[in-house]
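Engineer: Can you read through this structure? Questions will come right after.
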Amino acid sequence: MKFKVVDARGRSCPEPVLMTKNAIKDNSNVQVLVDSNVAKENVTRFAINSGYKVEVKEEKDSYILTLTK
Amino acid sequence: MKKNKGIISTGLVIGLISVLLVKFGNPANMGFCIACFIRDTAGALGLHRAEAVQYVRPEIIGIIIGAFVMSIAGKEFKVKGGSAPLTRFVLGFFVMIGALMFLGCPLRMILRLAGGDLNAVIGILGFTAGIFVGVLFLNKGFSLRRTYELPKFEGFIMPSVTVVLFILLVAFPSLLLFSEKGAGASHAPIYFSLVDGLIVGVLAQKNKLCCAGGIRDVIMFKDFHLISWFLAIFVAALVGNLLLGQFKLGFVDQPIAHTDGLWNFLGMGLVGFASVLLGGCPLRQLILSAEGNIDSAITVLGLVFGAAFAHNFNLASSAQGPTLNGKVAVVIGFIVVFLIGYFNIEKSTEVEIKEGVEIEI
Chain A
1 MKFKVVDARG RSCPEPVLMT KNAIKDNSNV QVLVDSNVAK ENVTRFAINS
51 GYKVEVKEEK DSYILTLTK
Chain B
1001 MKKNKGIIST GLVIGLISVL LVKFGNPANM GFCIACFIRD TAGALGLHRA
1051 EAVQYVRPEI IGIIIGAFVM SIAGKEFKVK GGSAPLTRFV LGFFVMIGAL
1101 MFLGCPLRMI LRLAGGDLNA VIGILGFTAG IFVGVLFLNK GFSLRRTYEL
1151 PKFEGFIMPS VTVVLFILLV AFPSLLLFSE KGAGASHAPI YFSLVDGLIV
1201 GVLAQKNKLC CAGGIRDVIM FKDFHLISWF LAIFVAALVG NLLLGQFKLG
1251 FVDQPIAHTD GLWNFLGMGL VGFASVLLGG CPLRQLILSA EGNIDSAITV
1301 LGLVFGAAFA HNFNLASSAQ GPTLNGKVAV VIGFIVVFLI GYFNIEKSTE
1351 VEIKEGVEIE I
């Protein structure tokens, strides 16, 4: 499966969500890297509202959010 | 709606606490006002000499300590910074200039409305317009770039400073300046204020409360999650004010407010615009500064500097209305924030495509 990778680590609100929004415009599957709980929650909420399934994996100090339709 | 339950009840609690703080001595419609409280604290330290607004507000101390403890408990304390710190300082400075034009941060704006002060309606319109302009910049690619991890020690400075402030307040008050009359002389008992601040700090950290973010998310993503607490605080404070007889409807003779609509609009417009570029309102900046975000700590220092500057150079409004200097400062603020917005638009964001599910960090 092909994924767009969005590196939103270190970005402040609402950039992670905005970057995700731009990445899913063409309905592609996306992996979003974030490094804060608030970004994880915001991106997850946005993705679910946009009809995506979200899988969260924690790694070191980051989260990998896998967004699939 | 169900998932918003927590954040709505949080808004209700904060609304009620705000009403009680006024009941127990805080200035009217000022149960909480981050801008005013930072301004008063700057005054107590002698950073400005406006005699009516000098007091170390324990609410601020409580908010920072509450958020600090909560972020440690929730494993969200992370020390990071380096996302355009001096730009954030300047934005914080102008947030304060705008707030002192209107006479309140976004939180007090909603509390003023709940007290019947209709000037706050104009403020909300301006605030929303400012947020809208900020969103235009975000959609164009505005970014203050990313943060990086910093030494842990950095993150403990902000909470430590507030503890020192509290020790000064209770043990060595003679070192500080205190208003004998005016808004600075009106305050709830120290420990009552402190505990209320702690509660708000804990709740605001846990729920990531932000006044600017709520309206921003509705405009950008049609997401009503974050605005729900803002509405809840209004409802709770309105009911509380009505029950306690603290409600007075109208434009004229409202406590610590003026009726100059244009400048109420522009003042809050500047607050909204700069807050969106910062990624959060003054309350949110305080919370972030407590959980290790050094950029937000710098922003809070910008707020302090702005408050001192505003009173040293006669920029802050009073019940009589705005000052000429204040109007000039707000116009300059718009120009500076526009320039910050324009020059921080990222030309392109790279998106890489990868095969496979696993990615390396």
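Protein chains in written order, with the working numbering: chain A, 1 to 69; chain B, 1001 to 1361. Backbone N, C-alpha and C fix where the C-beta goes; we use that ideal spot for every residue, glycine too.
Indicate the three-state DSSP secondary structure (helix, strand or coil) for valine 34/A in the structure shown.
Structural biologist: In this structure, valine 34/A counts as strand in the three-state DSSP scheme.
Engineer: Note down the Cα distance separating serine 1083/B from isoleucine 64/A, rounded to an integer number of angstroms.
Structural biologist: Their Cα atoms are separated by approximately 22 Å.
Engineer: Leaving out five residues before and five after glycine 1046/B in sequence, what residues of the same chain have Cβ atoms less than 7 Å from its Cβ?
Structural biologist: Within the same chain, glycine 1046/B has close Cβ partners Leu1177.
Engineer: Flag this pair as yes or no: are the beta carbons of leucine 33/A and serine 12/A separated by less than 7 Å?
Structural biologist: Cβ distance not < 7 Å, so leucine 33/A and serine 12/A don't count as in contact.
Engineer: Could you check what DSSP says for tyrosine 1191/B in three-state terms: helix, strand or coil?
Structural biologist: Three-state result, tyrosine 1191/B: helix.
Engineer: Report the rounded CA-to-CA distance for glycine 1141/B versus aspartate 1223/B, giving the unit in angstroms.
Structural biologist: Rounded to whole angstroms, glycine 1141/B to aspartate 1223/B spans 20 Å at the Cα level.
Engineer: What is the DSSP secondary structure of valine 1200/B, reduced to helix, strand or coil?
Structural biologist: Three-state result, valine 1200/B: helix.
Engineer: Helix, strand or coil for threonine 1010/B, going by three-state DSSP, please let me know.
Structural biologist: Threonine 1010/B: helix per DSSP, three-state reduction.
Engineer: Is the separation between the beta-carbon of isoleucine 1254/B and that of aspartate 1117/B shorter than 7 Å?
Structural biologist: Checking the displayed sequence, the identity of residue 1254/B turns out to be glutamine instead of isoleucine. Yes. Within cutoff.
Engineer: Buried or exposed: isoleucine 1294/B, going by 16 or more other Cβ atoms within 10 Å of its Cβ?
Structural biologist: Buried.
Engineer: Say whether chain B places a C-beta atom closer than 7 Å to the C-beta of valine 34/A.
Structural biologist: Chain B contact via Cβ: absent.
Engineer: Compare the beta carbon distance of valine 1218/B and leucine 1270/B with 7 Å and say whether it is the shorter of the two.
Structural biologist: No, the Cβ-Cβ distance between valine 1218/B and leucine 1270/B is not below 7 Å.
Engineer: Tell me which residues share the same chain as glycine 1292/B and place their Cβ nearer than 6 Å to its Cβ, disregarding the 5 neighbours each side in the sequence.
Structural biologist: Hits under 6 Å: Phe1077, Lys1078, Val1079, Gly1155.
Engineer: Starting from the N-terminal side, write out each stretch of the alpha helix (DSSP H) that is 4 residues or longer and does not extend beyond the region 1239-1322 of chain B.
Structural biologist: List check, alpha helix (DSSP H) in window: 1261-1278, 1282-1290, 1294-1312.
Engineer: Leaving out five residues on either side along the sequence, give the residues of the same chain with a beta carbon under 6 Å from the beta carbon of phenylalanine 1166/B.
Structural biologist: For phenylalanine 1166/B, where only same-chain residues beyond five positions count, the Cβ hits under 6 Å are Ile1061.
Engineer: Is the beta carbon of methionine 1307/B sitting closer than 7 Å to the one on alanine 1044/B?
Structural biologist: Inspection of the sequence shows that residue 1307/B is occupied by alanine rather than by methionine. No.
Engineer: Quick check: the Cα distance between isoleucine 1361/B and asparagine 22/A, rounded to an integer number of angstroms?
Structural biologist: Low confidence applies to isoleucine 1361/B: its pLDDT is 48, below 50, so where it sits in the model is not reliable enough to give any reading.
Engineer: Could you please give me the residues that DSSP links to tyrosine 63/A through a beta bridge?
Structural biologist: Paired residue(s): Val34/A, Glu58/A.
Engineer: Say whether chain A places a C-beta atom closer than 7 Å to the C-beta of serine 1009/B.
Structural biologist: Chain A, which has no Cβ nearer than 7 Å to the Cβ of serine 1009/B, makes this no.
Engineer: In whole angstroms, give me the CA-to-CA distance for valine 1161/B and leucine 1125/B.
Structural biologist: Taking the straight line from one Cα to the other gives about 36 Å.
Engineer: Do you know how far the Cα of glutamate 59/A is from the Cα of alanine 1319/B?
Structural biologist: Spanning the two alpha carbons is a distance of roughly 54 Å.
Engineer: Interface residues of chain B around proline 16/A at Cβ under 8 Å?
Structural biologist: The contacting residues do not exist; proline 16/A stays about 10 Å from chain B at best.
Engineer: State buried or exposed for proline 1173/B, treating a residue as buried only when at least 16 other CB atoms are found within 10 Å of its CB.
Structural biologist: Proline 1173/B should be labelled exposed.
Engineer: Pair every Cβ in the region 1225-1241 of chain B with every Cβ in the region 1015-1033 of chain B, then say whether three or more of these pairs are closer than 8 Å.
Structural biologist: Yes, the region 1225-1241 of chain B is in contact with the region 1015-1033 of chain B.
Engineer: How would you label glycine 1321/B, buried or exposed, when you count the other beta carbons within 10 angstroms and need 16 or more for buried?
Structural biologist: When all chains shown are included, glycine 1321/B counts as exposed.
Engineer: Would you kindly work out how many angstroms separate the C-alpha atoms of proline 1151/B and valine 1095/B, rounded to a whole number?
Structural biologist: Their backbone Cα atoms lie some 28 Å apart in a straight line.
Engineer: Does the separation of the CB atoms of leucine 1283/B and leucine 1020/B fall below 7 Å?
Structural biologist: Contact flag unset, no.
Engineer: With distance defined between alpha-carbon atoms, name the residue in Val1202/B, Ile1064/B, Gly1250/B nearest to valine 1164/B.
Structural biologist: The shortest C-alpha separation from valine 1164/B is found at Ile1064/B.
Engineer: Taking Cβ positions only, does threonine 1087/B come closer than 7 Å to chain A?
Structural biologist: No, its Cβ sits nowhere closer than 7 Å to a Cβ of chain A.
Engineer: Whose Cβ in chain A lies nearer than 8 Å to the Cβ of tyrosine 1148/B?
Structural biologist: Result: Gly10.
Engineer: Does DSSP put threonine 1041/B in a helix, in a strand, or in coil?
Structural biologist: The answer is helix: DSSP assigns threonine 1041/B an H, G or I state.
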